[in-house]
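Visitor:
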Amino acid sequence: MRIRLLQGLALLATGLLAGAFGYGAANLVPTFNAVPLDMRLSFHAELMKMNGITMQAAMAASTLSSLALATLTRGRARLIAGSAGLLTLTSFLITRLGNVPINGRIKEWARTTAPADHAEILRRWELFNNLRTLTALTAFALLIVLALWQPPGGRKQPQTTSA
Numbered sequence: 001m002r003i004r005l006l007q008g009l010a011l012l013a014t015g016l017l018a019g020a021f022g023y024g025a026a027n028l029v030p031t032f033n034a035v036p037l038d039m040r041l042s043f044h045a046e047l048m049k050m051n052g053i054t055m056q057a058a059m060a061a062s063t064l065s066s067l068a069l070a071t072l073t074r075g076r077a078r079l080i081a082g083s084a085g086l087l088t089l090t091s092f093l094i095t096r097l098g099n100v101p102i103n104g105r106i107k108e109w110a111r112t113t114a115p116a117d118h119a120e121i122l123r124r125w126e127l128f129n130n131l132r133t134l135t136a137l138t139a140f141a142l143l144i145v146l147a148l149w150q151p152p153g154g155r156k157q158p159q160t161t162s163a
């Protein structure tokens with residue numbers, strides 16, 4: 001029962017993370033690119049204030065629940081859950097080391113003016129955004145596979161350790 005609840009939490013948190021990143025990649029980024037630069041910079045800076053707490057919480061919940069699930073399972077289930085946890089951790093690292101520093105620059109540009117090479121910097125932000133979206137979506141897909149996976153021999157639950 002504990003594993004099923006943890007699996008549900010991992011699915012929920014990782015689904016929310018993948019959905020938020022997916023929405024951003026599919027809707028926000030094209031909108032950013034369609035509006036005038038000053039509007040994009042102002043909106044982007046404000047959006048990052050709101051995203052800071054919610055996205056970090058989603059990344060933490062996704063990573064911790066997936067890795068906890070990996071510690072309570074064995075075999076293929078452990079590998080799948082552990083991989084999902086590492087992928088959500090990768091989403092966090094991409095965000096922290098790639099997107100966040102550029103967000104700081106965007107915040108500054110919103111108050112002043114964008115440098116001549118702003119288009120290249122914004123393209124790098126989009127590349128990081130696409131990578132973290134891909135890692136989160138892959139983690140979510142792995143957890144779905146784990147939830148649907150029926151081990152051989154008719155067992156209905158992934159193999160667990162005695163806990």
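Residue numbers (our numbering): 1 to 163. For every residue, glycine included, the Cβ atom is placed at its ideal position computed from N, Cα and C. All figures in this text were calculated on a predicted structure; none of them were measured in a lab.
Got a sec, what are the start and stop residues for the alpha helix (DSSP H) Asn103 sits in?
Guide: Counting from one through the sequence shown, the residue named residue 103 turns up at place 103. First-last of the alpha helix (DSSP H) with Asn103: 100–111.
Visitor: Here's a check: name, in chain order, each residue in its chain whose Cβ is nearer than 8 Å to the Cβ of Asn129, leaving out the five neighbours to either side.
Guide: Position 129 of the sequence shown, counted from the start, is the residue given in the question as residue 129. Taken in chain order, the residues that qualify are Phe21, Gly24, Ala25, Val29, Asn99.
Visitor: Compare the C-alpha of Glu126 against each of Trp109, Ala139, Ser83, Asn27 and name the closest.
Guide: Reading the sequence shown from its first residue, position 126 is the one you call residue 126. The candidate whose alpha carbon is nearest that of Glu126 is Asn27.
Visitor: Could you check the C-alpha separation between Thr133 and Ala60 for me, to the nearest Å?
Guide: Working through the sequence shown from its first residue, we reach residue 133 at position 133. Working through the sequence shown from its first residue, we reach residue 60 at position 60. Between Thr133 and Ala60, the C-alpha separation is close to 15 Å.
Visitor: Between Ala34 and chain B, is any beta-carbon pair separated by less than 8 Å?
Guide: Absent here is chain B; the protein component of the structure consists of one chain.
Visitor: Out of curiosity, what's the CA-to-CA distance linking Ala45 and Arg2?
Guide: Here residue 45 corresponds to residue number 45 of the sequence shown, with the count starting at 1. Here residue 2 corresponds to residue number 2 of the sequence shown, with the count starting at 1. Cα to Cα, Ala45 sits roughly 40 Å from Arg2.
Visitor: Should the segment 73–85 be regarded as contacting the segment 102–115, the criterion being three or more beta carbon pairs within less than 8 Å?
Guide: Cβ pair count under 8 Å is below three, so no.
Visitor: Are there 16 or more other CB atoms within 10 angstroms of the CB of Gly245, so buried, or fewer, so exposed?
Guide: No information on residue 245 is available, as it lies outside the stretch 1 to 163 that the chain covers here.
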